Structure formats: C-alpha cells, structure tokens
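In the numbering used here, the protein residues as written are 1050 to 1154.
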C-alpha cells in the first residue's frame, strides 16, 4: 500500500492545495476518490479468506457449537489494527504530498 500511496502522491503532487476554482475542487475530489478506491480494493484481498472460512462457520453453527458472534469477534479484533495501520500508512504518505492541509487553519 505504501508503493501505491507514493504513486498516488506523485500523481496528485502539490505543495499547496488551491481552493479557488472548480478545477481545484476536481483535483481535490479526484485525490479523495482515488484514496477511497485504493483502500477499498486493498480490503478486497481478504475476501477469499473469508469465503474459505464459511464452511467451517456453517458447520459449527448447524451443530450448535458456538454462537455466530464468537466466530466473528477474533477475526474482527485482528483485522481492525491491521486496517488502522494500513490507513495510517496511506495517510502518512499521501496527506502532505497531495497537499490537503499543511497547517491547521
């Protein structure tokens, strides 16, 4: 994700994001949509692993081994920190290179 963040940062490279015209807004929205799409596709890589786990889930559910929430909580607890790390890495690389807000004003 860091390599794609570097590519995205250089595509929308700006030292200062201008906010005066509609063309500037187009660049701003394009960078935001690019960020959302890349992070969404990054999450899709985990979909096959989830699908592979479904037969085990259905078998244990049908045999009344565990409730459904017990099967999903460990997966959720492991994936939240990974997702936060990936998003922070993306933001750390692209935020200043694209020039969203160099200072809080």
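The beta-carbon is built from N, C-alpha and C at its ideal position, and this holds for glycine as well.
All values reported here derive from a predicted model rather than from experimental measurement.
{"Asked": "Buried versus exposed call for residue 1075 [16 or more other C-beta atoms within 10 Å across all chains shown]", "Found": "exposed"}
{"Asked": "Among 1052, 1103, 1071 and 1077, nearest to residue 1150 - alpha-carbon criterion", "Found": "1077"}
{"Asked": "Contacts around residue 1135, its chain only, beta-carbon distance under 6 Å, and the 5 residues preceding and following it disregarded", "Found": "1050"}
{"Asked": "Coarse secondary structure for residue 1068, derived from DSSP in three states", "Found": "coil"}
{"Asked": "Local Cβ density within 10 Å of residue 1147, reported as buried at 16 or more and exposed below that", "Found": "buried"}
{"Asked": "Residue 1097 versus residue 1129: straight-line alpha-carbon distance, rounded", "Found": "18 Å"}
{"Asked": "Nearest-angstrom Cα separation, counted from residue 1138 out to residue 1107", "Found": "35 Å"}
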